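Here UniProt numbering is used: the first residue of the sequence shown is 1, the next is one more, and so on.
Heads up: the structure comes next, in structure tokens.
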Amino acid sequence: MSGVRCISSSPTFGISRKIFYNLSTHWHKRHCILEKKSLALHSFNTRSNIHNATRHFCGAINKAESSSEKKKIKKINFAEGPDLVDFILNDKRSSKLSTEAEQIPYVKPFHGNNRKVYFDIYGCQMNVNDTEVIWSILEANGYSKTDELLDADVVLVITCSIRDGAEQKVWKRLEYIKSIKLKKKQILKREMRIGLLGCMAERLKQQVVEKNKLVDLVAGPDSYKDLPRLLAITDNNEMAINVMLSFDETYADVMPVRLNPDAVTAFVSIMRGCDNICTYCIVPFTRGRERSRPITSILDEIRHLSDEGVKEVTLLGQNVNSYRDISKSEFFTGTTHVTNLAKGFKTVYKSKIGGLRFSDLLDKVSLINSEMRIRFTSPHPKDFPDEVLQLIAERPNICNTLHLPAQSGNSRILERMRRGYSREAYLELVEHVRTIIPNVSLTSDFIVGFCGETEEEFNDTLSLMEIVKYNMAYMFAYSMREKTKAHRRYEDDVSAKDKSYRLKKLIQLYRTEVEKINQAQIGQQQLILVEGISKRGNNFQGRNDGNTKVIIPNGAIPENCHSVNSKSIMPGDYVVVQICNANSQLLTGIPLYHSSISEFTISDCDNRKHRAVK
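Put into structure tokens, the structure is as follows:
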């Protein structure tokens with residue numbers, strides 16, 4: 001009989017006869033949480049209730065099986081999941097749960113036996129890093145990786161829930177993968193397991209389970225260590241679910257295995273979750289509360305990447321610059337470090353005290369390898385104290401690029417979004433940043449058509465774009481997400497037509513402004529990190545310090561500015577390039593000679609600025 005194995009943060013789920021037996025006989029192991037609203041059939045508050053319910057339920061199953069018309073349980077009912085308040089109230093209870101996997105008698109060993117896994121990744125850079133964590137866990141448990149969907153025994157779809165459009169793409173993709181699964185079983189007699197992972201798994205667990213039975217496995221962002229066990233459960237033709245959110249999981253003890261070991265850039269996760277609770281954002285409800293990875297674990301991973309030849313690392317987090325490591329008592333010595341907010345900004349939660357801050361981490365990371373570039377994303381504008389800005393200005397290998405997500409240029413809309421700042425405070429921060437880092441490149445995020453936004457308020461966003469002059473911007477029409485504060489408090493009253501019009505207008509203005517910024521760089525000599533072959537012919541592509549893409553021709557160039565000897569350009573090389581053309585998307589240039597961060601910054605020979613392009 002098919003069933004479902006569940007560990008759910010929205011804890012109402014259907015359970016097969018085997019699972020009920022397992023719960024009654026293995027209750028002392030505490031791995032599967034049963035509390036009020038925990039079962040689709042009854043509410044159980046005591047251990048005796050569970051035994052009684054088990055007896056009645058199993059009796060009903062036996063009776064059904066003995067009748068001439070056997071019926072299968074077709075629907076799995078999930079109750080409305082707890083909101084963030086419930087999640088916070090359960091902090092103490094959740095922290096006491098056993099971390100040891102429950103032993104299930106009828107489940108085979110968790111070893112993958114060289115089964116091939118295919119990863120289908122959607123969404124942000126965090127999902128790329130999460131996939132590398134997942135691959136590390138599965139590889140250690142005997143799985144292999146394939147880049148061909150048709151060759152896969154297991155397909156894991158890593159999802160995003162930020163906007164409805166992203167989720168619709170995943171639904172369509174799952175339907176296609178399910179069709180492949182059925183054909184493989186029919187023609188090749190081979191089984192394929194489909195897993196839905198990430199934010200969408202946490203947000204839509206009921207719909208995922210019920211909608212055409214598209215998947216065999218559902219795992220939330222904090223349950224990836226449980227994947228070998230969950231996959232073993234699916235071998236018994238049961239669905240496996242674990243979407244339990246954690247208060248302390250950072251995967252600090254898992255060394256990610258890079259999906260592309262030849263890449264010269266890498267992402268390193270330094271924290272998970274978010275405490276800001278912006279009214280439009282689903283992230284705190286799909287990734288949980290904010291927690292930081294221990295600094296020693298981060299430094300070990302970056303040293304490992306440096307040894308592998310990686311030339312650029314991007315530090316990742318939902319709110320990366322609010323990082324605070326409180327894992328060791330010695331981090332609380334001497335002075336008390338209170339969160340320092342940018343002037344004019346406020347936080348919606350109690351400021352953290354003690355521990356190592358983002359400036360401490362950035363300092364230590366930048367010292368690992370002076371020839372390794374350091375970037376970070378995505379920050380919140382409130383968490384930019386002067387010590388962070390000064391560190392960026394002083395360290396040549398910390399890129400002079402800051403992501404300052406504005407979201408809107410209107411103070412009333414910013415207040416409704418619960419961003420913690422006004423238009424005026426944001427502009428003051430921009431001016432302050434440019435005072436400390438004169439050549440900084442600024443990027444941002446914008447949402448148009450948020451609840452109640454008028455045309456005049458949207459025009460404030462346009463004017464902000466003109467004033468700040470961003471080097472890059474990510475722009476989206478507002479998409480209402482269930483469980484967010486905006487969903488509970490506001491009406492999504494801006495029409496789809498108006499959203500589309502405003503988005504097109506904002507994108508058009510952005511392209512006009514950024515093309516001017518890029519064209520102003522024509523004639524400059526810039527240090528480019530070569531990343532690989534461009535999609536545009538046989539040229540190389542790389543990025544400058546400001547993170548703008550630069551296209552250069554392939555060929556041999558001098559080893560340095562003095563040398564008469566030439567060598568070929570290779571991925572991972574630092575090359576001095578003279579910019580000769582630009583548009584709104586990229587720069588093109590002529591490579592002059594090989595260099596390094598230290599040489600280019602300090603002097604790179606006195607005649608660097610005067611070197612003529614042949």
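Cβ atoms here follow ideal geometry from the backbone N, Cα and C, with glycine treated the same way.
The structure displayed is predicted, hence computed values, not measured ones.
Beta strand (DSSP E) containing C580: first to last residue? Here residue 580 refers to the residue found at position 580 of the sequence shown. Taken as a continuous stretch (DSSP letters only), the beta strand (DSSP E) holding C580 covers Y574 to A582.
Leaving out the 5 sequence neighbours to the left and right, which residues in its chain are closer than 6 Å to F119 when beta-carbon positions are compared? For the purposes of this step, residue 119 is identified with residue 119 of the sequence shown, where counting begins at 1. Cβ within range, chain order: T131 and L156.
Exposure label - S568; buried when at least 16 CB within 10 Å: To locate residue 568, count along the sequence shown from 1; it is residue 568. Classification for S568: exposed.
Residue range of the beta strand (DSSP E) that includes E312: Position 312 of the sequence shown holds residue 312. First-last of the beta strand (DSSP E) with E312: E312 to L316.
Inside the UniProt domain "MTTase N-terminal" (115-236) only - alpha helix (DSSP H) runs reaching at least 4 residues: 125-140, 164-183, 199-203, 205-210 and 227-234
Specify, as a first and last residue, the run of the alpha helix (DSSP H) that Q508 falls within. The count along the sequence shown starts at 1 and reaches residue 508 at position 508. Per DSSP, Q508 belongs to the alpha helix (DSSP H) from A496 to Q519.
Under a Cβ-count criterion, where at least 16 other Cβ atoms within 10 Å of its own Cβ denotes burial, should R489 be classed as buried or exposed? Numbered from 1 along the sequence shown, position 489 holds the residue referred to as residue 489. With a threshold of 16 other beta carbon atoms within 10 Å, R489 falls short and is exposed.
Distance, K184 Cα to residue 615 Cα: Limits of the chain in this structure are 1 at one end and 614 at the other, which puts residue 615 out of reach.
Residues in the same chain with beta-carbon distance under 8 Å from I507, minus the five sequence neighbours each way, listed in chain order, please. The residue you call residue 507 lines up with position 507 of the sequence shown. Result list for I507: M475, in chain order.
Where E304 falls: helix, strand or coil (DSSP): The residue you call residue 304 lines up with position 304 of the sequence shown. Note that residue 304 is His in the sequence shown, not Glu. H304 falls in the helix class under three-state DSSP.
DSSP on Q525, reduced to helix/strand/coil? On the sequence shown, residue 525 is found 525 positions in, with the first residue counted as 1. The answer is strand: DSSP assigns Q525 an E or B state.
Looking at C-alpha atoms only, which residue of L586, Q578, C561 and S595 is the closest neighbour of M570? Counting from 1 along the sequence shown, the entry for residue 570 is found at position 570. Answer by Cα proximity: S595.
Beta-carbon separation of V128 and L227 under 9 Å? Indexing the sequence shown from 1 puts residue 128 at position 128. Indexing the sequence shown from 1 puts residue 227 at position 227. Their beta carbons are not under 9 Å apart, which means V128 does not touch L227 by this criterion.
Residues bridged to D445 by DSSP? For this step, residue 445 is matched to residue 445 along the sequence shown. Y474, per the DSSP bridge assignment.
Using a Cβ-Cβ cut-off of 8 Å (strictly less than) and excluding sequence neighbours within five positions of S359, which residues of its own chain qualify? Translated into the one-based positions of the sequence shown, residue 359 becomes position 359. Hits under 8 Å: P385, E387, V388 and L391.
Distance check for L305 and N62, CA to CA, integer angstroms please. Stepping through the sequence shown from its first residue, residue 62 is reached at position 62. Stepping through the sequence shown from its first residue, residue 305 is reached at position 305. Only weak support is given to the placement of N62: the predicted model assigns it a pLDDT of 44, under 50, and the value that follows is read from those uncertain coordinates. Distance between the alpha carbons of N62 and L305: 57 Å.
Contact the region 523-531 vs the region 572-583: 3+ CB pairs below 8 Å: yes
Taking the straight line between their C-alpha atoms, what separation do you get for N276 and P284? The sequence position of residue 276 within the sequence shown is 276, counting from 1. The sequence position of residue 284 within the sequence shown is 284, counting from 1. Between N276 and P284, the C-alpha separation is close to 8 Å.
Here's the rule I'm using: 16 or more other beta-carbon atoms within 10 Å means buried, otherwise exposed. How should S297 be labelled? If you number the sequence shown from 1, residue 297 lands on position 297. Buried, by the Cβ-count rule.
Find the nearest neighbour of residue 632 within the set K549, T484 and T443, judged by alpha-carbon distance. In this structure the chain extends from 1 to 614, so residue 632 is not present and cannot be described.
How is the beta strand (DSSP E) around K549 delimited, first residue to last? Translated into positions along the sequence shown, residue 549 becomes position 549. Segment K549 to I552, the beta strand (DSSP E) holding K549.
Could you give the DSSP three-state label for S563: helix, strand or coil? Here residue 563 is taken as the residue at index 563 of the sequence shown, counted from 1. Coil at S563, not helix or strand.
Going by DSSP, name the residue or residues bridged to F384. Residue 384 sits at position 384 when you count from the first residue of the sequence shown. Per DSSP, none; premise fails for F384.
When you compare each of K343, L174, L404 and E308 to residue 629 by their alpha carbons, which one comes out closest? Any question about residue 629 goes unanswered here, given that the chain covers just 1 to 614.
Cβ neighbours of I158 in the same chain (closer than 8 Å, five flanking residues each side left out): For the purposes of this step, residue 158 is identified with residue 158 of the sequence shown, where counting begins at 1. Here the set comprises F119, D120, I121, Y122, G123, N127, D130, T131, I134, L197 and G198.
Assuming S223 contacts M239 (C-beta within less than 8 Å), just tell me the rounded distance between them. Within the sequence shown, the letter at position 223 stands for residue 223. Within the sequence shown, the letter at position 239 stands for residue 239. The Cβ separation is near 14 Å, so there is no contact.
Leaving out five residues on either side along the sequence, give the residues of the same chain with a beta carbon under 7 Å from the beta carbon of F345. Taking the sequence shown and counting its residues from 1, one reaches residue 345 at position 345. Within the same chain, F345 has close Cβ partners P381, K382, G420, Y421 and A425.
Count the other C-beta atoms from every protein chain shown that fall within 10 angstroms of the C-beta of L429, then say buried if there are 16 or more, exposed otherwise. The residue you call residue 429 lines up with position 429 of the sequence shown. Result: buried.
Straight-line gap, T286 to A201 (C-alpha atoms, nearest Å): Walking along the sequence shown from the start, residue 286 turns up at place 286. Walking along the sequence shown from the start, residue 201 turns up at place 201. Going from the Cα of T286 to the Cα of A201 covers about 8 Å.
Is I569 helix, strand or coil by DSSP? Taking the first residue of the sequence shown as position 1, residue 569 is located at position 569. Of the three classes helix, strand and coil, the one that applies to I569 here is coil, per DSSP.
Kindly indicate which three-state DSSP category Q407 falls into: helix, strand or coil? As a position in the sequence shown, residue 407 is number 407, starting the count at 1. Strand, per DSSP.
Neighbour-count burial assignment, T265, 16 or more Cβ in a 10 Å radius: Within the sequence shown, the letter at position 265 stands for residue 265. Classification of T265: buried, given that the 10 Å Cβ count is 16 or more.
Are the CB atoms of S378 and G317 within a distance shorter than 9 Å? In the sequence shown, counting from the first residue as 1, residue 317 sits at position 317. In the sequence shown, counting from the first residue as 1, residue 378 sits at position 378. Against a cut-off of 9 Å, the Cβ pair of S378 and G317 comes out as a contact.
How big is the Cα-Cα spacing for E599 and N439? For the purposes of this step, residue 599 is identified with residue 599 of the sequence shown, where counting begins at 1. For the purposes of this step, residue 439 is identified with residue 439 of the sequence shown, where counting begins at 1. Approximately 19 Å, taken between the alpha carbons.
Can you tell me where the alpha helix (DSSP H) holding L362 begins and where it ends? By 1-based counting over the sequence shown, the position of residue 362 is 362. Unbroken alpha helix (DSSP H) run through L362: F358 to S366.
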